[in-house]
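The structure under discussion appears below in the form of structure tokens.
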Ligand code: ATP
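Residue numbers (the numbering used here): 3 to 237.
Shown next, in the form of structure tokens:
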């Protein structure tokens with residue numbers, strides 16, 4: 003069973019088409035990683051799913067056709083998007099950021115859920131009353147992820163979570179993502195430049211080049227693919 007089925011013939015910004023004939027699925031509680039060079043169209047793929055692009059074709063989520071839906075409606079349907087650069091609210095406190103992620107839930111329920119996330123991530127709890135701007139890059143990414151999970155999504159879209167983070171912090175972050183996805187049965191679609199780590203937590207993977215899928219398979223298939231090894235794994 004797939005939670006997400008993308009069958010897009012074209013997608014882009016205004017008159018500019020970036021993606022062509024993009025078709026893939028994310029299994030229920032599945033994990034897909036999308037690899038690709040700078041400018042290949044990875045971010046545009048996530049924005050297309052979140053309803054931010056002019057899109058032709060069809061996108062189905064949880065059995066419903068969500069093509070053409072507004073971003074807020076797609077978010078309410080159960081897709082949480084962690085954008086590149088994290089998108090935390092710098093001036094809001096850590097706790098307020100979490101509450102913002104639970105905006106569609108009853109206030110008391112959201113507050114209890116925020117407390118559970120703070121308990122889970124003591125580094126955020128220590129700074130819960132301080133502005134998010136004071137957090138380190140890794141802590142901000144953790145906050146962005148926790149905020150995404152606050153809406154109890156069925157699918158989380160993550161746009162280059164490793165960007166700007168030290169290798170050790172990135173490795174910890176991917177281990178946390180792996181744990182969260184397993185615990186909650188949440189599907190994940192991760193766009194990453196750090197192919198090694200991303201393939202480590204994915205089941206399936208694809209490579210996008212110039213707006214088209216050029217390689218697809220299981221994460222193990224891609225790790226064994228010579229072109230992928232040369233281009234993305236540096237081996
Ligand atoms: P990166 O790793 O650099 O983020 P990416 O694979 O995520 O790259 P996209 O950000 O999806 O690539 O960009 C794909 C193409 O779309 C690029 O040529 C980019 O210049 C173009 N593009 C991105 N945003 C817009 C926009 N708002 N309007 C027009 N073109 C855009």
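We put the CB at the ideal spot given by N, CA and C, even for glycine.
Give a yes or no on whether the C-beta atoms belonging to residue i and residue j are separated by under 7 Å.
{"i": "residue 175", "j": "residue 143", "result": "yes"}
{"i": "residue 75", "j": "residue 7", "result": "no"}
{"i": "residue 160", "j": "residue 84", "result": "yes"}
{"i": "residue 210", "j": "residue 42", "result": "yes"}
{"i": "residue 198", "j": "residue 235", "result": "yes"}
{"i": "residue 5", "j": "residue 204", "result": "no"}
{"i": "residue 21", "j": "residue 46", "result": "yes"}
{"i": "residue 126", "j": "residue 116", "result": "no"}
{"i": "residue 152", "j": "residue 104", "result": "yes"}
{"i": "residue 11", "j": "residue 53", "result": "no"}
{"i": "residue 133", "j": "residue 162", "result": "no"}
{"i": "residue 189", "j": "residue 31", "result": "yes"}
{"i": "residue 139", "j": "residue 182", "result": "no"}
{"i": "residue 28", "j": "residue 191", "result": "yes"}
{"i": "residue 13", "j": "residue 69", "result": "no"}
Hey, quick one: how far does the alpha helix (DSSP H) through residue i stretch, first residue to last?
{"i": "residue 118", "result": "109 to 122"}
{"i": "residue 186", "result": "169 to 186"}
{"i": "residue 49", "result": "44 to 51"}
{"i": "residue 197", "result": "197 to 203"}
As a quick exercise: from the options, pick the residue whose alpha carbon is nearest that of residue i.
{"i": "residue 145", "options": "89, 197, 186, 168", "result": "89"}
{"i": "residue 155", "options": "106, 168, 193", "result": "106"}
{"i": "residue 208", "options": "133, 184, 150, 25", "result": "25"}
{"i": "residue 218", "options": "37, 167, 70", "result": "37"}
{"i": "residue 65", "options": "215, 3, 167", "result": "3"}
{"i": "residue 19", "options": "39, 29, 57, 186", "result": "57"}
{"i": "residue 212", "options": "171, 40, 112, 9", "result": "40"}
{"i": "residue 17", "options": "55, 23, 33, 177", "result": "55"}
Starting from residue i and walking both ways along the beta strand (DSSP E), at which residues does that stretch end?
{"i": "residue 22", "result": "18 to 29"}
{"i": "residue 12", "result": "4 to 15"}
{"i": "residue 56", "result": "56 to 63"}
{"i": "residue 68", "result": "Note, residue 68: premise wrong, no beta strand (DSSP E); not H, not E."}
{"i": "residue 105", "result": "It is not in any beta strand (DSSP E) - residue 105 carries neither H nor E in the DSSP assignment."}
{"i": "residue 219", "result": "214 to 220"}
{"i": "residue 141", "result": "From DSSP, residue 141 is part of no beta strand (DSSP E) but of the alpha helix (DSSP H) over 139 to 151."}
{"i": "residue 207", "result": "206 to 211"}
{"i": "residue 88", "result": "Run containing residue 88: none; DSSP gives neither H nor E here."}
{"i": "residue 33", "result": "33 to 37"}
Report, in whole angstroms, the separation of the C-beta atoms of residue i and residue j, which I expect to be a contact under 8 Å.
{"i": "residue 135", "j": "residue 95", "result": "Not confirmed; about 10 Å, so no contact."}
{"i": "residue 48", "j": "residue 193", "result": "6 Å"}
{"i": "residue 79", "j": "residue 91", "result": "Going by Cβ atoms, the distance from residue 79 to residue 91 rounds to 23 Å, so no, they are not a contact pair."}
Check whether the stretch 116 to 135 and the stretch 198 to 208 touch, using three or more Cβ-Cβ pairs below 8 Å as the test.
No, the stretch 116 to 135 is not in contact with the stretch 198 to 208.
Should the stretch 64 to 78 be called in touch with the stretch 218 to 236, which here means at least 3 C-beta pairs below 8 Å?
No contact exists between the stretch 64 to 78 and the stretch 218 to 236.
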